[in-house]
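Undergrad: Submitted below is the structure of interest, expressed as C-alpha cells.
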Amino acid sequence: MGVEATVPREGDRGPAVVAVGAVSLAISSIAIALRFWSRTQSATISFWWDDYVLLVTTIVSHAFLSLNIAWTNIGLGKHIEAIPPGSLMPTIYISKAAILLYAVCIWLIKVSALLFFARIFSMSRRFRVSLWGFGACVTAWFICTAIVPWFNCSPVSKTLDPFIPGVCFNRMRWFLGSAFINAFADLLILLLPMPLIWRLHMTLHRKISVTFVFILGYCSAFLSFGRFIIIIRDPTVMSVEPESDPFYHTVPLLLLSMLEAPFAIVALCAPAIGQLINRATERGRLTSLFSIFSTRWSKSGSTGATGDSEVNRSGYYEVHDYNGPGTEMSSNKFSPVPPGFGSTTAFAKGRESAESYGGAVAAIPLGSMSAARHAGAV
C-alpha cells in the first residue's frame, strides 16, 4: 500500500500581521508625540497621570506589536505543516508572552480612559467614587487575565510544553468569557460620563452630538465587541490543537487585538492634538489647510466664550457654576475638592478668585460644547 502524500496548503497571513503592526506603531507613535508636544506648548494644562499612563500604554503596545511582527519570522500566519518542528516551542512561548502583554495593554487603556475623564470633568463625590470603583474592578480583572492563562494545565509546566503528560481545562470558555467581560467593561466606561453630559444645560441636538463624540472617541470598545463576535461565531479560533491550524487560523482575531491599543491611544490623544492644531491656526500656521475648521470654531465656539466662561490657551472651556449676575444656574452640584491637587484635573483645588467662587466645573474640550450666560444661547 502506498503512502498518501500530504499536499501543503497555500497561504501566508504573516504579511498582514506585519502591515497592521507597522502602521499601528507609526500612528500611535505620532499621536503620543503630538499629545506631549501639545502639553509642552500649553500654558494652562500641565502633565498629569493620564499622560504618563498613556505613555506607558504606548510602550507596552509597541512591545506587543513588535513581538507579533517578530513572531511571523518563525511561523505566525503560516499553516501548521509549513512550520519547522524546531519552531513549535518558541511559538508557544511567544504566544504566552503576547497574551500577557495584551492583558497589560487592555488594563492600561481602561485606566487611561478613567484618568482622562478625571481630567476633563469636575465631579461630584458620586462620580469620583464611580471612577475609583471602576478602576478597582478593571485592575482586579487584569490580575485574573494575567494569571489564569499560566495555570490552565496540570501540571503547570504543561502550559508551556503541551507535549508532556497532563491535562488542561477547556480554554474556549475562558477566552469567550474574557472577551465578553472586556467588551462589557469598555461599554460601561464609555457610558460613565454620559449622565454628566445629559445634565448640562444644552439643546437636545447638542447633547446628542457630544455623546456621539465620546462614543467615537473611545472607539476601541467596538474592536472589543468585534473580538467577542469572532469568538462566538468560531470558538475554535483560540484552539491550540494542531488540527485547528492555530498559527494561521487565529490571525484575524490577532489583528483586531493589535488594533485595540493603537485605536485607543489615538482617540485619547485626539483632544490634545486638536488643541495643538487650534494654536497653530491661531498663530497663522497651516491656515489654508485648517481654514474650514477655524471658520466653524469662530461661528460656534466663540459665542460661548464670553461672560462666565473663559477659553484658555489649552483649548478648553472652563464653565464656572456660580450665582453671578444674569447667570442661569446649572442643575449640577459639585462637592468641594480636596486641597493640594493641580488646577487642571478633576480633583483640582478650587480657584480663589471671586469669579470661580463655588468651584470650577467641567473643563470641556474645545468644539464639544459652548457656554453662555443664558442656557437658551447654547
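Residue numbers for the sequence shown, in our numbering: 99 to 476.
Every residue, glycine too, gets a C-beta built ideally from N, C-alpha and C.
Quick caveat: nothing in here was measured; it's all calculated off a predicted structure.
Among the residues of its own chain, which have a CB less than 7 Å from the CB of L213, if the five just before and after it don't count?
TA: W147, D148, V151
Undergrad: What would DSSP say about S252, mapped onto helix, strand or coil?
TA: strand
Undergrad: Does DSSP put V118 in a helix, in a strand, or in coil?
TA: helix
Undergrad: So, for G119: in the same chain, excluding its five sequence neighbours on each side, which residues have a beta-carbon less than 8 Å away from its beta-carbon?
TA: The beta carbon of G119 sits closer than 8 Å to the beta carbons of L163, S164, N166, I167, M356 from its chain, once the five residues preceding and following it are set aside; these are given in chain order.
Undergrad: Is DSSP giving D332 helix, strand or coil here?
TA: coil
Undergrad: Using only the alpha-carbon positions, how far apart do Y346 and A131 sit?
TA: 34 Å
Undergrad: Helix, strand or coil: how does DSSP classify D149 here?
TA: In the structure shown, D149 sits in a helix (DSSP, three-state: H, G or I).
Undergrad: The alpha helix (DSSP H) spanning G233 covers which residue range?
TA: Element bounds for G233: 223 to 245.
Undergrad: Looking only at its chain, what residues have a beta carbon closer than 7 Å to the beta carbon of S228, apart from the 5 residues adjacent to it on each side?
TA: L290
Undergrad: Mapping DSSP to helix, strand and coil, what is D284?
TA: Three-state DSSP puts D284 in a helix.
Undergrad: Cβ atoms of W248 and T237: under 8 Å apart, would you say?
TA: no
Undergrad: Looking only at its chain, what residues have a beta carbon closer than 7 Å to the beta carbon of F145, apart from the 5 residues adjacent to it on each side?
TA: Cβ within range, chain order: R137.
Undergrad: Check the DSSP bridge columns for D110 and list the partner residues they point to.
TA: K176
Undergrad: When the Cα of V202 is compared with those of P182, C242, I172, which residue comes out closest?
TA: Ranking the options by Cα distance to V202, first place goes to C242.
Undergrad: What are the boundary residues of the alpha helix (DSSP H) that I190 is part of?
TA: 186 to 218
Undergrad: List the whole-angstrom C-beta distance separating S252 from V265, where the pair is believed to meet the contact cut-off of C-beta under 8 Å.
TA: That pair is a contact at about 6 Å.
Undergrad: Just the Cα atoms here: how many angstroms apart are C235 and R304?
TA: 32 Å
Undergrad: Distance check for P182 and F326, CA to CA, integer angstroms please.
TA: 31 Å
Undergrad: From I192 to L353, what does the alpha carbon distance come to, in whole angstroms?
TA: Looking at the backbone, the Cα of I192 and that of L353 are separated by about 16 Å.
Undergrad: Can you tell me the Cβ-Cβ gap for I287 and F232, rounded? I've got them flagged as a contact below 8 Å.
TA: 6 Å
Undergrad: Nearest-angstrom Cα distance between A117 and T170?
TA: 11 Å
Undergrad: On the criterion of 16 or more Cβ atoms from any shown chain inside 10 Å, does F361 qualify as buried, or is it exposed?
TA: buried
Undergrad: Please list the terminal residues of the continuous alpha helix (DSSP H) segment that includes H347.
TA: 344 to 347
Undergrad: Run through the DSSP bridge pairs and tell me what V265 is partnered with.
TA: For V265, which the question treats as bridged, DSSP gives the partners S252.
Undergrad: Comparing alpha-carbon positions, which option in A283, N250, D284, I262 lies nearest R271?
TA: N250
Undergrad: Taking only the alpha-carbon atoms, compute the straight-line gap between A211 and L366 and give it to the nearest angstrom.
TA: 7 Å
Undergrad: Taking the straight line between their C-alpha atoms, what separation do you get for I197 and T301?
TA: 45 Å
Undergrad: Alpha carbon to alpha carbon, what distance is there between L351 and I330?
TA: 12 Å
Undergrad: For the alpha helix (DSSP H) that M292 lies in, which residues bound it at each end?
TA: 292 to 297
Undergrad: Given this structure, state the Cα-to-Cα distance separating D259 from R269, to the nearest angstrom.
TA: 15 Å
Undergrad: Return helix, strand or coil for K431, following the three-state DSSP convention.
TA: Confidence at K431 is low in this model, with a pLDDT of 39, below 50, so its placement is unreliable and the value that follows should be read with caution. Reduced to three states, the DSSP call for K431 is coil.
Undergrad: Alpha carbon to alpha carbon, what distance is there between R217 and I375?
TA: 20 Å
Undergrad: Express the C-alpha separation of W205 and W239 in angstroms, rounding to a whole number.
TA: 8 Å
Undergrad: Do A370 and T155 come within 8 Å of each other at the CB atom, strictly closer than that value?
TA: no
Undergrad: Looking at H177 and L123, is the spacing between their C-beta atoms short of 8 Å?
TA: no
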